[in-house]
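Chains as they are written, first to last, in the working numbering: chain A, 7 to 468; chain B, 287 to 1079.
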């Protein structure tokens, strides 16, 4: 028996054929029949796992760990003093002395997790969260850091983690894409942050709008046309009739292509239906902050993410646009940014929980790097890939845990360090995928999301 | 290299100092040192794993060290790598996750200062020393792709049923006959014409061309068509695009800082021109790697050769990398990876961090070639945001125009400065404001009038320098010097005498272009074959290494390679051979018996049907609807130099509306035209020698709902509705334009019924004309979305 990878390798020559032949088989056998050769058919993970899908809330720009969740009393005490240990060899800008956080911190819930006044709503969910305070990466620039976070490489074009997940697990709903990214950024790697690179294109994310599109206007590409449905139906019937007229009886490619048009016809309804938030109650809208101007846009993204997750999309990413890059005006801008996302995120967590979805949905929050505890200018902070905070919630994650630590000032990850590769390994593990086994052969070798690195952070697993 | 003779040798070391060490030193080791090594280090550096080639479970192993050298210098803690990495303040930090507590580090330091006594003084056996290059095995040297090309004898085949036209057929039939199979019958003439026209030009035949070919009764009518197609400028547009796939061509950087490459199009036009001129492939190779270093020729030829080296510059780069040396080495790696796959079918990139795991390519080979590119100026600088190299390619006339323009700009600026001077302001008062504005406009206008055609993305030689091997690919941990040289397994062990006066690129290019290079001709012949038969004779066209596939017809591959070189590396000769073979003229209808024996059609018992490429679908839709603009060359990229073509929330580039051939549409990384993206256009960030064809619902959505589908269907419908006669006559015209044939009676009935139904289902408020146009637009959309249109039989 050829492995799935071998089957996909023939993609170069007959991928469409393969998918189609199988689609036909599934049609013949009924919808519930296994679709072994269909590259998007649901697949069994390497081992049993709690998380079935992922919602990644990406904070583009680099939120400051020492102003959000990594409480550093010594930073306040030593405000204005020089950093007592060396700065990194490579930095993106010149920086000065230690700068205390302008935000007050407090502890939340039974776990006593710290959160600054920027995140009161998320703070209130602390007992559902698992903080990783010792995240670190390798690149001090947005582009490299975004690519490293999304693809594991800050050097070359590699498949995005959502594509790997889609490749590893397939999709649960064939009328919808398996990997959706809502309002992705088009800069700092842009499409390469969600592209499939050398994996078959079918695993690529479907972008809904971009960071410049209001959440009310995002759509699957080409899903809306100018032809009225009744006439489009007639066109499709004509197309099928003409195609069948020319086909030989055993022509699977023809039949498969006809089916793909039928699927497209259904998708025109399915995707907009999932995106239609009008069926949700006023209470739900309020929960996500959709009724308030500041929180409306990200609230819609979060609610759409829940609806896509519920409908069987494997990986959903929401991007809070390139706003978190406070080289200056830290207090003003971090306050505004956090206000836009705090309530929607808490709303999403609450909603997932009450619908019973949180137990098998993995929610991930974070940015491409953290920020320096030393000042850039008077009231800003520079990029810092050496320490930042992520939190995970939901499927298979130890809730109420704070894992790892930075040094006294939050400049370097110091205890139980978690590299981005380790985070990737852990995410795959939570989905039942062994990061060393999820491989794809390309240009002469087997590639993985984690390259030759990555260790599962076992301590955060429930 | 001496390493070869040492393979298999073992070193026996004694941990001599332990015997007779003072008892308190032994106690200190046992209590404070050994437990730390065992608990914190041995899991990665012991019997199970030897990360970095290092073990720490004996004194001898520490003395021997790993990839980074000895880990221990007895008596000298500050010189011992072991203590350096424990400090967690350098590049290498151990243990990686957590720094050891200060008291444990102090204990280890004390132990080293005391001479690092280790009580178990048993000798340890370790492998061969690090550093030397490994020798290749006989099996590696005998690998098929590294053997010289030999022109095999053409097999004698007796197959009365098969259409045997040239040696290609004899090689193929030899294998088919051995399996009890033969060629499918010849394709019908209409299918053959559509096939060869799309294959050589990327466009459908016009109804007139089809009619002429169907009527032609000369024995060589087909050969004449082939000659005409090869002579058409559309040939270079189709096959140039194939090469651009391999060259990962794009009009923007992509990656982190997506800046416009406003001069990339010159390289694209150079490629199209070269193919149309049937430039010998060996020359084409040399120009792209070292065109700047080749002597002689006219001004225009020199400009062309500089432009050709754009091949080395157009790759995607991380332009905002704070570590300039990392940026530089990453760019070189991208170049080597592309050069390796494009010209040699080898994945050189694998040897950046360690010897290639599957192919006989060592880090010495990698850094030997990398040194040549290190000695080449690809970038103007490596600062953030870095700038790539561009060179003037002006003719004397354009240089004069440029000088004149520079003078005009300078004069306008001088005038502006005068207008802004305090003296003028004092005299003119408020009146100076409009004056300044006027002068500013003049400067802007002068700057805008920059004469075109003066710079190309291109490289130049810098000081020749060797690199050191980068251990694990890291520029901060360097190994032995790697003299610049060619890959040993093919080029042999003789070094290239390269001083500081040259990079070695020219020598590399000349070696690649040698007739006896076993890879260059085979790789290219295989690409041409794959372009006509859907799959190569080697089905992994960019990887001829051990993990690539073996040739299905090694003799045919070699015969074609020899024929290619013997005919002055003529691409057109190769195409002509392939498309005039009997094999190429077979029907695409599979024979069920052959399908059972050879389900993948590796033996070619029938012609493989293929879906059109993204560009062919778009160009075909535009051609049939009468919208296609056949203007050649130039740029459609509406961007200023280094302009960001994508922003956080914007695609600043969306100039894809021009109805020009697809090859002339800009390829903007991260904002690739969505029509292309959906129809399997290859990722322009990586070299790509094989197109794929998926069938996914978004393609159907595109053909139903996109602006391209709307525009082409509307133009097509209007053209057909202008035809005199009855509805049936118009349907016949539509069929003829789309497929080069008339509809069958059954098809005509189906279509007429559809037209009636669609008009009936239309919005009753619409006028009769509108309803009719909508119905016909629907028909035209369907014809262009049909299998008959998007597949080549």
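Don't be surprised by glycine CBs; every beta carbon is placed ideally from N, CA and C.
Three-state secondary structure assigned by DSSP to residue i
{"i": "residue 815 of chain B", "result": "helix"}
{"i": "residue 684 of chain B", "result": "helix"}
{"i": "residue 615 of chain B", "result": "helix"}
{"i": "residue 388 of chain A", "result": "strand"}
{"i": "residue 608 of chain B", "result": "coil"}
{"i": "residue 114 of chain A", "result": "strand"}
{"i": "residue 576 of chain B", "result": "helix"}
{"i": "residue 769 of chain B", "result": "coil"}
{"i": "residue 398 of chain A", "result": "strand"}
{"i": "residue 404 of chain B", "result": "coil"}
{"i": "residue 546 of chain B", "result": "strand"}
{"i": "residue 665 of chain B", "result": "strand"}
{"i": "residue 747 of chain B", "result": "strand"}
{"i": "residue 994 of chain B", "result": "helix"}
{"i": "residue 186 of chain A", "result": "strand"}
{"i": "residue 457 of chain B", "result": "helix"}
{"i": "residue 628 of chain B", "result": "helix"}
Close Cβ partners of residue i (< 6 Å) along its chain, the five nearest in sequence each way excluded
{"i": "residue 350 of chain A", "result": "294, 295, 301, 304, 305, 308"}
{"i": "residue 621 of chain B", "result": "598, 659"}
{"i": "residue 453 of chain A", "result": "446"}
beta-carbon residue i near the ligand ATP non-hydrogen atom, thresh 8 Å
{"i": "residue 942 of chain B", "result": "No copy of the ligand ATP appears in this structure; indeed no ligand is present at all."}
Contacts of residue i in chain B (Cβ-Cβ under 9 Å)
{"i": "residue 208 of chain A", "result": "980, 982"}
{"i": "residue 203 of chain A", "result": "969, 971, 972"}
Within chain A, the residues that residue i reaches when beta carbons sit closer than 8 Å
{"i": "residue 1082 of chain B", "result": "Here chain B comprises residues numbered 287 to 1079, so residue 1082 of chain B is not present and cannot be evaluated."}
{"i": "residue 327 of chain B", "result": "The contacting residues do not exist; residue 327 of chain B stays about 16 Å from chain A at best."}
{"i": "residue 937 of chain B", "result": "192, 216"}
{"i": "residue 310 of chain B", "result": "Result: empty, since nearest Cβ-Cβ is about 33 Å, beyond 8 Å."}
Under 8 Å by beta carbon: chain B residues contacting residue i
{"i": "residue 173 of chain A", "result": "In chain order: nothing, as chain B lies at least about 14 Å away."}
{"i": "residue 245 of chain A", "result": "1068, 1071, 1072"}
{"i": "residue 414 of chain A", "result": "Chain B residues near residue 414 of chain A: none, gap ~13 Å exceeds 8 Å."}
Per-residue contacts from residue i into chain A (C-beta, under 9 Å)
{"i": "residue 670 of chain B", "result": "98, 147"}
Proximal residues to residue i (C-beta, below 8 Å), its chain only, five neighbours per side dropped
{"i": "residue 416 of chain A", "result": "71, 72, 76, 78, 81, 376, 379, 393"}
{"i": "residue 1003 of chain B", "result": "1059, 1062, 1063, 1065, 1066"}
{"i": "residue 249 of chain A", "result": "260, 263, 264"}
{"i": "residue 30 of chain A", "result": "With a pLDDT of 34 at residue 30 of chain A, under the threshold of 50, the modelled position of that residue is not reliable, and the figure given next carries that caveat. For residue 30 of chain A, where only same-chain residues beyond five positions count, the Cβ hits under 8 Å are 258, 261, 262, 265."}
Residues of its chain near residue i, where Cβ-Cβ distance is below 7 Å and the 5 sequence neighbours each way are ignored
{"i": "residue 888 of chain B", "result": "838"}
{"i": "residue 520 of chain B", "result": "487, 488, 489"}
{"i": "residue 928 of chain B", "result": "545, 546"}
{"i": "residue 317 of chain A", "result": "179, 182, 280"}
{"i": "residue 518 of chain B", "result": "487"}
{"i": "residue 456 of chain A", "result": "158, 427, 430, 431, 441"}
{"i": "residue 331 of chain B", "result": "337, 340, 341, 342"}
{"i": "residue 688 of chain B", "result": "680, 737, 740"}
Neighbour list for residue i in chain A, Cβ cutoff strictly below 7 Å
{"i": "residue 543 of chain B", "result": "149"}
Amino acids of chain B, ordered along the chain, whose beta-carbon sits closer than 7 Å to that of residue i
{"i": "residue 241 of chain A", "result": "1064, 1067, 1068"}
{"i": "residue 260 of chain A", "result": "1073"}
{"i": "residue 237 of chain A", "result": "1044, 1047, 1048, 1060, 1064"}
{"i": "residue 328 of chain A", "result": "934"}
Min CB distance residue i to chain D below 9 Å
{"i": "residue 316 of chain A", "result": "Absent from the structure is chain D; the protein chains it does hold are A and B."}
Requested in this report: Quick one: which unbroken beta strand (DSSP E) runs of 3-plus residues sit fully inside the stretch 131-157 of chain A? Chain order, please.
Outcome: 135-142
Query raised in the report: Which whole runs of the beta strand (DSSP E) in the stretch 251-330 of chain A are 3 residues long or more, in chain order?
Result: 321-326
Query raised in the report: Can you list, in chain order, the stretches of the beta strand (DSSP E) that have 3 or more residues and sit fully within the stretch 293-377 of chain B?
Result: 297-299
Query raised in the report: Would you call the stretch 522-534 of chain B and the stretch 551-564 of chain B in contact, with 3 or more CB pairs under 8 Å?
Result: yes
Query raised in the report: Are the stretch 195-213 of chain A and the stretch 308-315 of chain B touching by the rule of at least three beta carbon pairs closer than 8 Å?
Result: no
Report task. Spell out a yes or no on whether the stretch 623-634 of chain B and the stretch 690-701 of chain B are touching, meaning 3 or more CB-CB pairs, one atom from each, closer than 8 Å. Result -> no
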